[in-house]
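All the letters of the sequence shown, read from the start, carry residue numbers 61 to 737 under the numbering used here.
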Amino acid sequence: MTTATEYGATSWELCVQLEHQYEGEPKKFNIRVTGDLHIGGLMLKLVEQIQIPQDWSDYALWWEQKNCWLLKTHWTLDKYGVQADANLLYTPQHKALRLQLPNMKTVRLKVSFSAKVFKAVTEICKTLNIRRSEELSLLKPLDEPQKKKKKKEKSNDPIIEDILNLDNTAVTPGSAASPGLYSKTMTPIYDPVSGTPASSTMMWFSDSLLTEQNCNVLAVSQSNCPPEKLAKLYQPLSLVDKAAINAGWLDSSRSLMEQGFQEEDNLLLRFKYFSFFDLNPKYDAVRINQLYEQARWAILLEEIECTEEEMFMFASLQYHISKISKSSEPQSYSNEPDIDEVEAALANLEVTLDGPHSDRILEDITDIPKLSDYLKLFRPKKLTLRAYKEYWFVFKDTSISYYKNMESARAEPIEQLHLRGCEVVPDVNVSSKKFGIKLLIPVADGMNEIYLRCENENQYAKWMAACMLASKGKTMAYSSYRTEVRNIQSFLKMKDLNSAQAQAAPNLEAMEMNSECFVSPRFVKKYKNKQLTARILEAHQNVSQMSLVEAKMRFIQAWQALPEFGIKYYIVRFRGCKKDELLGISYNRLIRIDMSTCLPIITWRFSNMKQWNVNWEIRQVAIEFDQNVSIAFACLSCDCKIVHEYIGGYIFLSTRSKDQNETLDEELFHKLTGGQD
């Protein structure tokens with residue numbers, strides 16, 4: 061036994077502040093401790109001294125000087141290095157946070173400030189009923205000096221100020237994580253047409269504030285932003301501006317508190333990784349709507365470039381979705397028969413056991429399809445007019461060969477183009493019957509630019525789908541080729557205003573439409589309101605028969621088909637170079653971009669990547685690819701950890717499969733994204 065004298069000689073006083081939700085200023089408590097006292101024992105002593113009867117299980121110790129949580133309760137003060145000069149704060153781990161969702165709606169809910177951001181986002185998505193939380197993350201709002209004026213103007217925006225309080229649905233002290241909308245045994249079922257939860261699902265979360273009304277706020281498209289407020293939000297962004305925004309992603313391997321965030325702070329919840337796995341209208345009402353909203357705002361604010369024809373196609377889909385959302389009567393849950401969870405699971409299993417449709421079966425691997433037809437080719441050169449010349453083209457495996465004519469196809473080709481790793485960009489204007497394909501093929505000194513011109517829509521759909529697969533190293537024998545062809549044909553049909561004009565012209569006076577809400581402010585300045593309305597209604601004829609969920613899915617697919625889709629830009633300096641350049645990170649490749657011309661220089665595919673690492677001393681990312689290709693660069697617009705996490709995150713997402721039962725390997729994610737710092 062240690063005597064009182066000996067204890068006094070080896071012990072010391074430790075100051076701990078209590079941050080209590082019902083108290084104003086934190087109260088200070090001096091506790092006599094020894095170095096061998098474990099953290100759990102320290103918290104026990106503190107609670108005994110506080111003498112407030114309540115559940116303290118959500119409270120933990122925060123060490124301000126070291127900027128870290130003391131969560132390992134079995135560790136001693138000596139092991140943590142805590143001494144008498146330490147300032148410890150006894151505070152709840154879950155605190156209120158204001159999150160702006162992709163639909164610009166702000167929700168207030170309790171989030172873990174002690175868990176890693178990756179885990180915190182998982183809890184947030186569970187509360188909001190968004191599956192595949194690994195695709196989302198938290199983003200800091202841009203607060204650069206030149207944006208402050210705009211920020212003040214936007215502070216009165218009802219879109220941002222109208223806050224949905226979900227505080228009680230999140231974790232409260234002493235309780236487990238809120239189930240949100242999730243069932244204990246299976247994912248909730250939604251009406252695939254209206255996207256609203258089935259009646260039995262409502263029973264599963266009847267004890268939560270995220271009831272039918274709040275669920276509709278997240279799962280149903282909200283009213284459109286007035287044109288004057290849209291104009292205030294609109295700011296033309298250069299690639300350098302986009303790089304500044306992309307620097308705001310939070311570190312997924314550290315907690316919110318460790319990254320300097322406090323209670324009631326504002327953050328943005330956004331889809332970070334543009335690799336959307338298993339989008340299912342039956343289960344993903346909220347996820348699909350939030351994804352649609354993020355795409356919609358990206359189009360309206362011109363965060364991604366699209367042609368005028370594409371803008372009016374997107375506008376027609378927005379108008380259609382808005383029209384259906386307003387006219388749809390709220391679903392009555394009381395009149396519907398309850399769906400037994402076990403029966404629903406068995407029905408789902410029966411569909412799975414029936415197997416895929418026959419048209420999805422892979423072609424015989426020995427009989428790889430090929431395309432052959434007359435196309436026109438153009439190679440851009442300086443000071444030359446764009447003159448297309450007709451050749452006989454043969455597409456086989458992942459290469460295109462072209463000949464003078466069909467008769468000479470048995471001889472050596474004029475040239476063979478290897479498309480693996482190339483950039484494929486649509487060059488289409490349906491109204492003008494222009495169906496072009498732009499190919500940027502990697503060569504030793506950069507990118508070889510080639511244009512192909514097709515005669516009609518069907519020919520374009522087949523060759524475009526083949527080029528897109530070949531760029532990923534896949535042939536036309538791959539199961540998704542036919543689906544890709546159909547998607548392209550459907551996309552072209554939506555853009556075809558000529559077919560829409562052939563149908564009955566709508567009565568403009570009878571239509572109630574604020575057309576300026578559906579296009580970016582740049583087009584509002586270019587056209588009068590009646591002109592906008594006429595063009596949107598013409599394009600609407602092509603999509604007027606779609607259901608609500610189908611229209612949202614088509615909008616997302618059309619967004620994914622845009623050349624700039626999913627590319628996040630960062631300012632870097634490559635090893636051995638003296639000038640700054642841009643690095644584009646997409647879901648399947650890295651793109652080196654010239655900052656002055658904004659044109660791609662070379663592309664590297666993730667599929668060809670062998671390994672990547674970070675030299676944390678000089679903050680440099682190094683990547684090795686096949687064929688002894690290696691690159692290294694320093695990040696100038698952000699910490700290199702952000703770029704490292706982006707690359708590792710996409711590699712992690714590529715490991716997902718449907719048989720994983722939606723369980724995430726969090727350890728693998730941090731192994732691929734965390735680095736060794």
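Note that CB positions come from ideal geometry on N, CA and C, so glycine has one too.
Check	Outcome
Over what stretch of residues does the alpha helix (DSSP H) that includes E183 continue unbroken?	177-188
Below 7 angstroms CB to CB, which residues in the same chain sit around P201 once its five sequence neighbours on both sides are set aside?	N326, L328
Which residues in the same chain have their Cβ closer than 8 angstroms to the Cβ of N718, if we skip the five residues on either side of it in sequence?	According to the sequence shown, residue 718 is Lys rather than Asn. These residues qualify, in order along the chain: D338.
Which residue's Cα is closest to the Cα of K456: D115, Y462, L431, F438?	L431
Taking all protein chains shown into account, decide if K332 is buried (16 or more other Cβ within 10 angstroms of its Cβ) or exposed.	buried
Got a sec, what are the start and stop residues for the alpha helix (DSSP H) T543 sits in?	541-555
Specify, as a first and last residue, the run of the beta strand (DSSP E) that G496 falls within.	494-503
How big is the Cα-Cα spacing for P252 and F615?	Because P252 carries a pLDDT of 44, less than 50, the predicted location of this residue cannot be relied on, and the following value inherits that uncertainty. Spanning the two alpha carbons is a distance of roughly 16 angstroms.
By the 10 Å Cβ neighbour count, where 16 or more other Cβ atoms means buried, how is E472 classified, buried or exposed?	exposed
So, for E475: in the same chain, excluding its five sequence neighbours on each side, which residues have a beta-carbon less than 7 angstroms away from its beta-carbon?	Y462
Once the 5 residues before and after E124 are set aside, which same chain residues still bring their CB inside 8 angstroms of it?	N147, L148, L149
For H730, which residues from the same chain have a beta carbon less than 6 angstroms from its beta carbon, with the 5 sequence-adjacent residues on both sides left out?	S313
Use the C-beta contact count for S580: other C-beta atoms within 10 angstroms, 16 or more gives buried, fewer gives exposed.	buried
What's the call for E195, buried or exposed, on a 16-neighbour Cβ count within 10 Å?	buried
Could you have a look at C658 and say whether DSSP puts it in helix, strand or coil?	coil
By the 10 Å Cβ neighbour count, where 16 or more other Cβ atoms means buried, how is H154 classified, buried or exposed?	buried
I'd like to know if the segment 279-290 and the segment 574-589 are in contact, where contact means that at least 3 CB-CB pairs between them fall below 8 angstroms.	yes
Decide if the segment 356-369 is in contact with the segment 616-629; the criterion is three or more beta carbon pairs, one per stretch, under 8 angstroms apart.	yes
Could you spell out the range, first to last residue, of the alpha helix (DSSP H) harbouring Y520?	517-531
Between which two residues does the beta strand (DSSP E) harbouring Q671 extend?	669-675
On a Cα-Cα basis, can you pick out the residue from N688, S667, S690, T723 that is closest to G708?	S667
Per DSSP, what kind of secondary structure is P581 in: helix, strand or coil?	helix
For T426, which residues of its own chain have a beta-carbon under 8 angstroms away from its beta-carbon, when the five flanking residues on both sides are left out?	Confidence in T426 is poor, its pLDDT being 49 and thus under 50, which makes the residue's placement unreliable; the coordinate value appears in the next sentence. Excluding positions up to five away in sequence, the list is empty.
Of all the options S550, K87, C698, which has the alpha carbon lying nearest to the alpha carbon of I46?	There is simply no residue 46 to check, as the chain begins at 61 and stops at 737 in what is shown.
Is the number of C-beta pairs between the segment 317-325 and the segment 647-662 that are closer than 8 angstroms three or more?	no
Give the DSSP-derived three-state secondary structure of N349 in the structure shown.	helix
So, using beta-carbon positions, are G533 and T593 closer together than 8 angstroms?	no
If you follow the alpha helix (DSSP H) that P778 is in, where does it begin and where does it stop?	Within the shown structure, residues of the chain are numbered from 61 to 737, placing residue 778 beyond reach of any answer.
Would you mind sorting W676 into buried or exposed? The rule is 16 or more other CB atoms within 10 Å of its CB.	exposed
Note down, in chain order, each residue of its chain lying with its Cβ closer than 7 angstroms to the Cβ of V277, except the 5 sequence neighbours on either side.	K165, L224
Assign S174 to one of three DSSP states: helix, strand, or coil.	coil
Compare the Cα-Cα distances from Q687 to each of T187, F693, K670 and report the closest residue.	K670
Would you mind working out which of K494, C482, K522 sits nearest P429, comparing C-alpha positions?	K522
Give the range of the beta strand (DSSP E) segment to which G644 is assigned.	641-645
Just how far apart, CA to CA, sit Q605 and N465?	44 angstroms
Could you tell me the alpha carbon to alpha carbon distance between I678 and C128, rounded to whole angstroms?	25 angstroms
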